[in-house]
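Protein chains in written order, with my numbering: chain A, 380 to 522; chain B, 6 to 243.
Cβ atoms here follow ideal geometry from the backbone N, Cα and C, with glycine treated the same way.
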Amino acid sequence: MYEKYRIKQLSIFSENRPGRLAALAKAMMEEDVNIYAFSIAEGAGYGVIRALVDHPEKAFKRLSSMGVTVRYTDVLAVEMEDRPGGLYGAVGALAEAGINIEYSYAYSGKRCAVLILRVEDPDAAAERLLEKGARLLEISQFT
Amino acid sequence: MGVSIKNDTKLRVGLLGGEPWSTKMRDRIRDWLGVKGINCYGSSEMYGPMFTECSEQDGIHVWGDIAYAEVLDQETGERVAPGERGELVLTMLQKEALPMIRYRVGDITEINTEPCPCGRTHPRIRRIFGRVDDMLIIRGINVFPSQVEHTLMSIPEVGDHFEIVVDRKGALDTMLVRVELKKEAFTDNIIQLMELRERIAYRLRGALNIGAAVELVEPDTLQRFEGKAKRVVDRREI
Chain A
380 MYEKYRIKQL
390 SIFSENRPGR
400 LAALAKAMME
410 EDVNIYAFSI
420 AEGAGYGVIR
430 ALVDHPEKAF
440 KRLSSMGVTV
450 RYTDVLAVEM
460 EDRPGGLYGA
470 VGALAEAGIN
480 IEYSYAYSGK
490 RCAVLILRVE
500 DPDAAAERLL
510 EKGARLLEIS
520 QFT
Chain B
6 MGVSIKNDTK
16 LRVGLLGGEP
26 WSTKMRDRIR
36 DWLGVKGINC
46 YGSSEMYGPM
56 FTECSEQDGI
66 HVWGDIAYAE
76 VLDQETGERV
86 APGERGELVL
96 TMLQKEALPM
106 IRYRVGDITE
116 INTEPCPCGR
126 THPRIRRIFG
136 RVDDMLIIRG
146 INVFPSQVEH
156 TLMSIPEVGD
166 HFEIVVDRKG
176 ALDTMLVRVE
186 LKKEAFTDNI
196 IQLMELRERI
206 AYRLRGALNI
216 GAAVELVEPD
226 TLQRFEGKAK
236 RVVDRREI
């Protein structure tokens with residue numbers, strides 16, 4: 380029932396060396412894949428790249444064929460108003476719902492701002508966020 | 006080519022040798038290829054690979070009518086007791102054109118004179134632990150790449166390839182072990198990746214008695230070798 384809110388984020392294991400990101404970005408360009416949001420988490424000598432794209436399957440296939448270590452991670456996308464207080468509106472609901480965030484990043488889209496959330500149990504989090512009146516984006520809104 | 010050796014072939018046994026490999030590697034080969042890996046040993050100066058394990062897979066039989074095996078203390082050159090580690094020396098008993106007497110092959114092993122459960126009484130050598138010239142001395146401690154391999158292969162998240170980089174910072178030797186993360190072990194959770202790295206470092210410290218830095222690298226990125234692998238990069242300038 381909450382499956383439609385499980386947005387497929389690409390998570391990529393990458394060594395921290397010059398040119399690595401450029402190679403991945405070029406592949407996305409060649410596949411005509413648009414990147415909505417993107418972040419790099421820094422480990423020791425490596426990074427985990429997280430990206431939200433319009434065609435995750437196409438991107439996944441291409442990256443895999445390049446030998447890149449990539450996997451899907453389910454994240455939630457919470458709509459925020461793109462004005463002062465927008466983030467507070469979204470995370471206020473999280474606090475009330477008692478949901479802990481593993482990691483998060485955000486982008487400002489054309490229609491609204493979006494908060495991407497990785498939580499332990501996306502379905503339970505989606506349920507409680509919706510109860511609190513949060514607006515969650517569905518997979519169909521990304522493609 | 007889409008052929009699974011495990012499911013699509015009847016290959017059951019592989020006689021494998023050429024470089025030291027650990028029992029954990031044997032388990033991986035069994036799980037991955039469905040092949041029972043029988044360790045074999047030899048060198049081209051002898052007659053090629055001529056000594057093998059039996060079905061017990063517990064040591065390589067050195068056929069006593071063909072070769073006489075001794076294990077020597079590397080420093081004193083004296084023979085060590087059965088079960089003690091040292092340098093293997095072979096005397097070939099039937100070779101004529103090229104006689105070999107107490108030939109120093111350069112491999113490190115232990116000898117076992119106990120009769121084997123298979124019924125054979127030929128002495129067995131245990132696995133080859135490394136080469137005499139493989140041994141690294143890091144901060145005064147002897148380290149064999151085979152110890153590193155054995156430790157790494159017992160950690161399921163780690164791939165089959167690794168690299169040891171030895172360097173010197175000031176007066177102190179440093180050791181870095183670069184390991185490939187298995188594709189299926191990759192997680193988006195960076196804390197788990199850090200814990201894995203720490204776990205590998207902890208296990209290496211326990212096995213080697215010296216601390217080594219650990220670096221996780223992408224699968225299939227470390228250099229592959231045909232024939233004998235070169236696992237060590239020693240950047241120390243003596």
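Three-state secondary structure assigned by DSSP to residue i
i, result
"Ile196 (chain B)", "helix"
"Leu213 (chain B)", "helix"
"Gly471 (chain A)", "helix"
"Ile391 (chain A)", "strand"
"Gly465 (chain A)", "helix"
"Val67 (chain B)", "coil"
"Asp153 (chain B)", "Looking at the sequence itself, residue 153 (chain B) is Val, so the reference to Asp does not match. Helix."
"Ser49 (chain B)", "coil"
"Phe56 (chain B)", "strand"
"Arg514 (chain A)", "coil"
"Lys383 (chain A)", "helix"
"Ala505 (chain A)", "helix"
"Ile495 (chain A)", "strand"
"Ile2 (chain B)", "As shown, chain B starts at 6 and ends at 243. That puts residue 2 (chain B) outside it, with no answer to give."
"Glu458 (chain A)", "strand"
"Lys489 (chain A)", "coil"
"Ile478 (chain A)", "coil"
C-beta contact flag for residue i and residue j at 8 angstroms
i, j, result
"Ile34 (chain B)", "Val18 (chain B)", "no"
"Pro224 (chain B)", "Glu162 (chain B)", "no"
"Asp239 (chain B)", "Val171 (chain B)", "yes"
"Leu494 (chain A)", "Val454 (chain A)", "no"
"Tyr525 (chain A)", "Ala505 (chain A)", "In the structure as shown, chain A starts at 380 and stops at 522, and residue 525 (chain A) therefore has no counterpart that could be examined."
"Val85 (chain B)", "Leu77 (chain B)", "yes"
"Ser487 (chain A)", "Asp461 (chain A)", "yes"
"Ala513 (chain A)", "Ala456 (chain A)", "no"
"Val153 (chain B)", "Ile215 (chain B)", "no"
"Leu181 (chain B)", "Ala212 (chain B)", "no"
"Ser48 (chain B)", "Ser151 (chain B)", "no"
"Asp193 (chain B)", "Val432 (chain A)", "no"
"Thr126 (chain B)", "Leu209 (chain B)", "no"
"Gly135 (chain B)", "Ile113 (chain B)", "yes"
"Arg144 (chain B)", "Arg241 (chain B)", "no"
"Leu98 (chain B)", "Asp70 (chain B)", "yes"
Cβ shell of residue i (< 6 angstroms), same chain only, five flanking positions each side left out
i, result
"Ala430 (chain A)", "Leu389, Ile414 and Phe417"
"Glu394 (chain A)", "Tyr425"
"Glu58 (chain B)", "Ile43, Asn44 and Ile65"
Exposure label - residue i; buried when at least 16 CB within 10 Å
i, result
"Thr448 (chain A)", "buried"
"Ser60 (chain B)", "exposed"
"Glu168 (chain B)", "buried"
"Ala474 (chain A)", "exposed"
"Phe230 (chain B)", "exposed"
"Val8 (chain B)", "exposed"
"Trp37 (chain B)", "exposed"
"Arg183 (chain B)", "buried"
"Met51 (chain B)", "buried"
"Ile65 (chain B)", "buried"
"Met540 (chain A)", "This structure leaves residue 540 (chain A) out entirely; chain A is present only between 380 and 522."
"Gly464 (chain A)", "exposed"
Proximity test, Cβ basis, 8 angstroms: residue i and chain C
i, result
"Tyr425 (chain A)", "Reference to chain C is not applicable here, since the protein chains of this structure are A and B."
Beta-carbon proximity list for residue i, same chain, < 8 angstroms, skipping 5 on both sides
i, result
"Gly477 (chain A)", "Arg507"
"Glu517 (chain A)", "Lys383 and Tyr384"
Close beta carbons around residue i, own chain, < 7 angstroms, minus the five adjacent residues each side
i, result
"Glu24 (chain B)", "Lys233 and Ala234"
"Leu509 (chain A)", "Leu515"
"Glu481 (chain A)", "Arg497, Val498 and Glu499"
"Asp139 (chain B)", "Phe149 and Pro150"
"Arg490 (chain A)", "none"
"Met445 (chain A)", "Ala406"
Segments assigned alpha helix (DSSP H), at least 4 residues, entirely inside the region 6-45 of chain B
10-13 and 28-38
Counting only runs of 4+ residues fully inside the region 395-428 of chain A, write out the alpha helix (DSSP H) ranges in chain order.
399-409
Enumerate, from N- to C-terminal direction, the unbroken beta strand (DSSP E) stretches of 3 or more residues contained entirely within the region 108-141 of chain B.
108-117
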